[in-house]
Structure formats: structure tokens, C-alpha cells
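One structure is given here, and the rest of the page talks about it.
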Amino acid sequence: MPPQRVDVYVDPVCPFAWLALRWLREVARHRPLELSVCRMSLAVLNGEDPVAPERGEDSAWRPARVGARLVADRGEAAWATFVEAFGTRFHDHGLRGRDRVLREVCDELGDGPSLYRAADVTDLDDDVRARHDEGMAPVGLDVGTPTLHVTTDRGRVAFFGPVLEAVPRGQAALDAFDGAVLLAATPGFTELKRTRSGELDFS
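Count along the sequence shown from 1, add 292, and you get the number used in the numbering used here.
Encoded structure:
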């Protein structure tokens, strides 16, 4: 059975994107997936001014820019490495604030001071927007991250979510994946949602 292709579009600061990525890695432990971690940007999604000083070091542009610089210098696979390093610290370990996390990640990935400076350089902002638009184009503008593009036997299907409070394991992870893809591929389907009721569990 050939691997099923899944492109997941994530912003590293989003906890739901992080949980979805960990869920997909769990699915990949039990089934062949060709999993690609792709770029989207909460800064672009939320219309954050790329040069406004209000958010300072917490600006969602800053991790997106560092990731874009990594990809430009090292190739697309560098985004997944960046997301993994950022998410482990920020979500799993609860390290705060974003600037501290970003500095540590840049040091871990090498060439720390030079890479860190990319956080405040705007030369790749158009590339960040283009990659974001690529992920959002099939699903519309009133959704967020994670966004999945999945290859099925009926072609490609794209959808926002699922939004998870914890990572399903084993058969539950597979069931959630199959159910989400099947529902998203159903003609006429647009939305399934309920209010979040618990704390996020990154264990």
C-alpha cells in the first residue's frame, strides 16, 4: 500500500496546530503516511501589521520569518525541524515568552545570532504570505490552523482542523483521521463544530 500524502499547514505558535501535528505523527506510526509540514501564518491570517510595534517580541511575524529564512537557506524540510523545536519548548514544556523560545531554537538549529536576526527582517514576508495563501486557498478565509490537504482515492481534499484538546493514540488516532477525511470528502459538507470544554493536554 503506497503512503497516503498529507500536507499539514501550521503556525508554530498555535497549540491546536501542534496537537494536530502530533496526532498525524501518531497516525504515521501505524499507517504509511507521506507527511509534509507546510507553512501558514497566524500573522497573515489575523491581519497583523508586519511593521507595527504593538506586539513587539510577541509578534507572530517573528517565528514565521525565522522559519522562512531557514527554508530559504536549507530547504522545505527545515520548516518541520523548526516547528518541532519550537513546539516542544513552547507547548510541551510551557516555556514563555515567544522571544526566549525563538532564541533557544535558533541556537539549537545553528548560526543562532544570524538566524535570530531574521525575525525582524521583512525581506521574506511576501514568501510567508504566498505559502499561507497556498494552504488556505482550498478551504477559504474564515478558518485557521491546522489546515490539512489529504490525497484520497477520489483526489485531494482540504479542510480546517480537526481541533483537538489532546492527542488520540493507536486506533483512536486512525479512526479520527479516517473519519475527518471521509467527512471532509463528502459533497456538500462544510462544518462540524462544538465548544471546547477542557484544558489542552500536551502529554
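Quick reminder that beta carbons are idealized off the backbone N, C-alpha and C, glycines included.
So, is Ser351 buried or exposed, given that buried needs 16 or more other C-beta atoms within 10 angstroms? buried
Point to revise | Separation of Arg331 from Gly339, as counted between CA atoms | key: 16 Å
inquiry  = Mapping the DSSP letters down to three states, classify Gly339 as helix, strand or coil.
reply    = The answer is coil: DSSP assigns Gly339 none of H, G, I, E or B.
- Task: Could you tell me which of Val455, Asp417, Val300 sits nearest to Val375, measuring between CA atoms?
- Result: Ranked by Cα distance from Val375, the first of Val455, Asp417, Val300 is Val300.
Of all Cβ atoms in chain D, is any one closer than 9 Å to the Cβ of Leu394? Given the protein chain composition of this structure (a single chain), no chain D is represented.
7 Å CB neighbourhood of Glu400 in its chain, flanking five on each side removed: Ala377
Alpha-carbon to alpha-carbon, Val455 and Cys306: 11 Å
Practice item. Mind checking which residues open and close the alpha helix (DSSP H) that includes Ala450? Key: From DSSP, Ala450 is part of no alpha helix (DSSP H) but of the beta strand (DSSP E) over 447-452.
Cutting at 8 Å between CB atoms, please list the residues of its own chain near Arg354, excluding the five before and the five after it. Arg390, Asp391, Leu394, Ala411, Asp412
Next on the checklist: Quick check: Phe469 and Leu316, are their CB atoms within less than 9 Å of each other?
Outcome noted: yes
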